[in-house]
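Novice: Before I ask anything, here is the structure I am working with.
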Amino acid sequence: MRKSNRAAAGAAAWQAVQHNARPGAPGLGERAAALPRMLMSRLRGRYDGLSVSRLLMFVLGLVYVASPIDLVPELFVPVLGLADDVGVAVWLATSLMGESERYLEWERRDEYVQGHVVG
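Mapping to the UniProt record's numbering: the sequence shown position 54 is 54, numbers consecutive.
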């Protein structure tokens, strides 16, 4: 993907994430910081809220957005070539932010349960 297309895809993903923010929901920074913890919790078997197939879709989406190879090349169909990149970037950003919000809720419940079991 060309640099300008990556920038357009990133801008569209940012707009989608900003418009999906709900009052009282974790902020973008908190959600982004939770992504590595979510991945490690999933890999260690503690968090089962993220399926292996969904995790694989995230990895494939990230590879697709970062890859210079496109399903619809911009050279042949410029508008559709950019649209597929933007679409995948928006889906990836909004899906990851939704998953991280669910993970943060799980993490809070887990800490609450652990605090009451131990304390």
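C-beta: ideal position from N, C-alpha, C; glycine also.
Output needed for Glu-105: all residues of its chain with C-beta closer than 7 angstroms, excluding positions within five of it in sequence on either side, in chain order.
Specialist: Numbered from 1 along the sequence shown, position 105 holds the residue referred to as residue 105. So no residue of the chain qualifies.
Novice: Using a Cβ distance threshold of 8 angstroms, determine whether the region 55-70 contacts the region 84-103, with at least three qualifying pairs required.
Specialist: Yes: at least three Cβ pairs fall under 8 angstroms.
Novice: With DSSP as the reference, label Tyr-47 as helix, strand or coil.
Specialist: In the sequence shown, residue 47 corresponds to position 47, counting from 1. Tyr-47: coil per DSSP, three-state reduction.
Novice: Which of helix, strand or coil does DSSP assign to Leu-82?
Specialist: The residue labelled residue 82 in the question sits at position 82 within the sequence shown. Note: Leu-82 maps to helix in three-state DSSP.
Novice: If we count the other Cβ atoms within 10 Å of its Cβ and call it buried at 16 or more, is Asp-84 buried or exposed?
Specialist: In the sequence shown, residue 84 corresponds to position 84, counting from 1. It counts as buried.
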